[in-house]
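> When the sequence shown is numbered by our numbering, its final residue is 857 and no position is left out of the sequence of numbers.
Every residue, glycine too, gets a C-beta built ideally from N, C-alpha and C.
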Amino acid sequence: MAQVKAKYLKDYRAPDHTITQVDLSFVLDGANTQVTAVSQVRRVNDTAKTLVLDGESLTVSQLLVNGQAHEYREVEGQLHLDTDLASFELTIVTQLDPQANLALEGLYMSDGAYCTQCEAEGFRRITYFLDRPDVLAVYSVRIEADKAAFPYLLSNGNRVDSGDLGNGRHFVCWQDPFPKPAYLFALVAGDFDLLSDSFTTKSGREVALQVFVDKGNLHKAHHAMLSLKKSMAWDESRFDLEYDLDIYMIVAVDFFNMGAMENKGLNVFNTKYVLADKDSATDEDYHGIESVVGHEYFHNWTGNRVTCRDWFQLSLKEGLTVFRDQEFSSDMGSRAVNRIHAIKVIKNQQFAEDSGPMAHAIRPDSVIEMNNFYTVTVYNKGAEVIRMMHTLLGEQGFQAGMKCYFERHDGQAVTCDDFVAAMEDASGVDLSQFRRWYSQSGTPELTILEAYDADKQAYRLTVSQHTPATPDQSEKLPLHIPLDLELIASDGRSLLSQVFSVTETEQELVFSEMAERPVPSLLQNFSAPVRLKFDYSVEQLIHLMRYASSEVAKWEASAALFSQAVWGNVEHLKAQQSMYVDPRLVDAVKGLLLDEALDKALLAEVLNFPSLNTLVEQVGQVDLDALAAAREFLIEEIASGCEDELVARYRELASQDDAGARALKNACLTLLLQMSDAHQVLAQRQYEQANNMTDSLGALAALNQEASQLRDSLLSDFQQKWADTPLVMDKWLTLHACCPGEDRVTALRELTLHSAFSFSNPNRVRSLIGAFAAANPLSFHQPDGSGYRFLTEAIIKLNTLNPQVAARIITPLIQFKKFDEQRQKLMRAALEEILALPDLSKDLYEKVSKALA
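#1: What do you reckon, are the CB atoms on MET697 and ALA285 nearer than 8 Å?
#2: Grouping DSSP H, G and I as helix and E and B as strand, with all else coil, what is THR395?
#3: Grouping DSSP H, G and I as helix and E and B as strand, with all else coil, what is HIS413?
#4: How many Å lie between ARG635 and GLU123 at the Cα?
#5: Identify, in the order they occur along the chain, each residue of the same chain with its Cβ nearer than 7 Å to the Cβ of SER3, setting aside the five sequence neighbours on each side.
#6: Mind the definition here: the segment 824-839 touches the segment 786-802 only if three or more C-beta pairs lie below 8 Å; say whether that holds.
#7: Using a Cβ-Cβ cut-off of 8 Å, state whether VAL42 counts as contacting chain D.
#8: Please state the DSSP three-state secondary structure of PHE189.
#9: Below 8 Å, can you find three or more Cβ-Cβ pairs linking the segment 296-313 to the segment 343-358?
#10: Determine the DSSP secondary structure at PHE316, reduced to helix, strand or coil.
#11: Assuming LEU675 contacts LEU686 (C-beta within less than 8 Å), just tell me the rounded distance between them.
#12: Do you know how far the Cα of ALA557 is from the Cα of SER525?
#13: Measuring only the C-alpha atoms, how far is MET113 from VAL8?
#14: Please name the residue in GLY81, TYR849, VAL534, ASP239 whose C-alpha comes closest to that of THR451.
#15: If THR98 sits next to THR131, beta carbons under 8 Å apart, how far is it from one beta carbon to the other, in whole angstroms?
#16: Cα-Cα, which of ALA857, LEU140, LEU67 is closest to ARG46?
#17: Take every Cβ of the segment 177-190, pair it with every Cβ of the segment 135-151, and state whether three or more of those distances are shorter than 8 Å.
#18: Any chance the segment 328-343 sits against the segment 224-241, with 3 or more Cβ pairs inside 8 Å?
#19: Are ALA630 and LEU577 close, meaning C-beta to C-beta below 8 Å?
#20: Taking all protein chains shown into account, decide if GLY126 is buried (16 or more other Cβ within 10 angstroms of its Cβ) or exposed.
#21: Would the segment 203-217 and the segment 245-254 be scored as touching if the rule is three or more Cβ pairs under 8 Å?
#22: Please report the Cβ distance between LEU772 and ALA741, rounded to the nearest whole angstrom; I am assuming they are in contact, meaning their Cβ atoms lie under 8 Å.
#23: Over the uninterrupted alpha helix (DSSP H) stretch that includes ARG653, give me the two end residues.
#24: May I have the straight-line CA-CA distance separating LEU32 from GLU80, to the nearest angstrom?
#25: Given TYR691, which residues of its chain have a CB within under 7 Å of its CB, disregarding the five upstream and five downstream residues?
#26: When DSSP builds the beta bridges, which residues end up paired with SER505?
#27: Please state whether DSSP places TYR540 in a helix, a strand or coil.
#28: For the alpha helix (DSSP H) that contains THR804, what are its first and last residues?
#29: Name the DSSP beta bridge partners of ASN274, please?
#30: Report the option in LEU85, LEU657, GLU411, ARG768 whose CA atom is closest to the CA atom of LEU245.
#31: Any idea what DSSP makes of GLN7, helix, strand or coil?
#32: Is the segment 595-614 in contact with the segment 560-580, if contact means three or more CB pairs nearer than 8 Å?
#33: Are the CB atoms of GLN437 and THR509 within a distance shorter than 8 Å?
#34: By DSSP, does ILE130 sit in helix, in strand, or in coil?
#35: By DSSP's criteria, GLU510 is part of a beta bridge. Which residues make up the other side?
#36: Let me know the secondary structure DSSP gives ASN573 once reduced to three states.
In structure tokens, the structure reads:
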């Protein structure tokens, strides 16, 4: 492959030229599509004599400067144009074939509709341009197409003109009054069903709301519309931010690399995060739609009105907006359950990223392929860093910082440092040490030792922090870590609840007038994204499960109790001893099942015991087979010990019709089926009587823990019922991908030939191949390497078809250092085969080369 060059944050320099206005004209005509871009160019650097424009896979048919033909040259995919002019009008006409664009970047076709995806660097596939986020221009767009095939012609901003052209063609013109970078440009042309509504802002402006979906799916768009209206109202009430255009549009497309895109006024969404009704969508789907609709809407201010100076600052918009969508979801539903979901992403996925070859700070220092940095570190750890600022400043101080940020930077492309400076200046809190969170990679380890002096009635916590070296950074400095702490008495009283700032490598917290040794609830609500090391006893964890004031702390204690028991049994297996379950653990779970006052959704989270992947991430290297055996033994013993309570709770919940009840009912069912096949009748009855997808899928997932005739029969029935609904068939594919078994790969190979699957559709690939590699560790890591071979073959195919998707699903393969020598050898061989590909994409090269380094 051609030499690959990394880009470095330290090399950033402002553009020599900028573009202040661009008028785009699209003549949409299949393989003969024509784009005319008329840009107003201004020289910023007086010494610059060459305008350098980005482009990819483009054919230029005309280039004019101030209306006259002008010479240019193409150099390594860029267009170089020599000129002494301080400002000029640049016209470029390009020819495109959207139908042949299978990478789904730039302008492409999705099920017969024209669609764009320009973030991060897709606009350069539409026309030669200054395709960088610090070039902000005002856009006007004219779209022309066949009227019968493409009655809706959509772009950013407000609709200003339209008309018929004869010969069955028509045009629509759009203007966006707000300057934006090219990555926020969007165009959609197609024939859709349209759901219309409106929202009146707090200042009295009426905004037209439109959700466009594929024909026949109008009834599935209402939840997305409701979510949008909730988002708009919430952003006004919580952040005092009002929408700024006359119209807000959402378009759902089936072929999409991401979840959704926040293009100004025209959000393009993956159908997965728009379409829902109770027959075809689960409670989790409904929650996901509300969250993602909110996320993209919130970007209107945190990402669009104020955007990134360069792509290394991606967390400026994404970390902040994830924090905002998490707060939105928490205000709309259960704050504890939403927080638990966020913690799971950090502990299961982000910690894994930190301990792997792709470890990077939330503001990376270097990048080869920008698409590779749309990561859980940038997004979710970035959100945790924003949350820590909120914890340190309080709601009032944080809101003052947000107000300062918008007043200073509205209409600008800025940096993460600019955001922190606004928070610092508005609150008066010194965040100089806190800034290290942006530049330092890796997961800090917070080790805490306790000591109690009965004579002095003094309780002491010695807190030390250490961040292990990562491939990108060997030296680490102490961070500013907010430690949320509660001390609980033996009778359950809260003796103290406070947030402490840990800033030194080691420091002491001393508490006087403690008549007894308290039980500490440490890092409550996961107040910092760190690994906590504290030697909790079984008694202390059970005490926290009963008395911690934080529901999240109760869940954390239950997960720690289970994990502790699993690792104890792994040691028993290594020593060739019998495995054992502490009866106090069974009694603790039984007590929770009998507690009618406990939130049902929270109890469901407790009963969804830490997954195999979660446990793998808790150690440096793992004996996967021993770990799986220990986990399975423990769950079976807990379920057996609580069988009567599980059955009673399941039956009690069977008639209750709310999301929390369904979550708990399905958690009970899963445990019962893991314990004994005798309970299959419950799953069969639930499936046959279900009036919603959550219960249908819950029954199938419970049965999917092992192969059985009933499982196969119900999966076949499910397929026949939903064969014409792609998003539901994705669930069917994932059930197959996640079923355990040594011969799973044989079945999955057959499924890649099934009509429900397509390598050209990212949703299908993620549902089958991605789910297998990421969520079925025992089958993926079969000792014979068959799982690695299956994933490798898929990645080789996707390398030329859709490199972005290939790079996303390869992650389980590059984390090979967690496993035993034989598995490491097989995984390395697979990666070396990929690295040797003559046409290897930059997306894959970056990940594979770093893994093998």
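Let's see:
#1: It is a contact, given that the beta carbons lie within the stated cut-off.
#2: The three-state reading of DSSP puts THR395 in helix, counting H, G and I together.
#3: Judged by DSSP in its simplified three-state form, HIS413 adopts helix.
#4: Going by the C-alpha atoms only, they are around 41 Å apart.
#5: Given a span of 5 to 857 for the chain in the structure shown, any question on residue 3 remains unanswerable.
#6: Segments in contact, yes.
#7: Of the protein chains in this structure there is only one, and it is not chain D.
#8: Reduced to three states, the DSSP call for PHE189 is coil.
#9: No contact exists between the segment 296-313 and the segment 343-358.
#10: The three-state secondary structure of PHE316, taken from DSSP, is helix.
#11: So it is not a contact: roughly 11 Å between Cβ atoms.
#12: Approximately 7 Å, taken between the alpha carbons.
#13: The straight-line gap separating the alpha-carbon atoms of MET113 and VAL8 is approximately 29 Å.
#14: Among GLY81, TYR849, VAL534, ASP239, the Cα nearest to that of THR451 belongs to VAL534.
#15: Sure, about 5 Å apart at Cβ, within 8 Å.
#16: Residue LEU140 is the option with its Cα nearest to ARG46.
#17: Between the segment 177-190 and the segment 135-151 there are three or more C-beta pairs closer than 8 Å, enough to call the two in contact.
#18: Counting Cβ pairs under 8 Å, three or more are found: they touch.
#19: Taking 8 Å as the Cβ cut-off, ALA630 and LEU577 qualify as a contacting pair.
#20: Burial call: buried.
#21: Result yes; three or more Cβ-Cβ pairs closer than 8 Å.
#22: 5 Å between Cβ atoms; contact.
#23: Run containing ARG653: 647-657, per the alpha helix (DSSP H) assignment.
#24: Approximately 28 Å, taken between the alpha carbons.
#25: Cβ contact annotation for TYR691 (same chain, cutoff 7 Å, sequence separation greater than five): SER700, ALA703, LEU704, LEU718, in chain order.
#26: PRO486.
#27: Coil, per DSSP.
#28: Its alpha helix (DSSP H) spans residues 790-805.
#29: The bridge partners DSSP lists for ASN274 are VAL257.
#30: Cα-wise, what sits closest to LEU245 is GLU411.
#31: Here DSSP, grouped into helix, strand and coil, assigns GLN7 to coil.
#32: Flag = yes, the segment 595-614 and the segment 560-580 touch.
#33: Cβ distance not < 8 Å, so THR509 and GLN437 don't count as in contact.
#34: If DSSP states are grouped into helix, strand and coil, ILE130 belongs with coil.
#35: Partner(s): SER468.
#36: Helix at ASN573.
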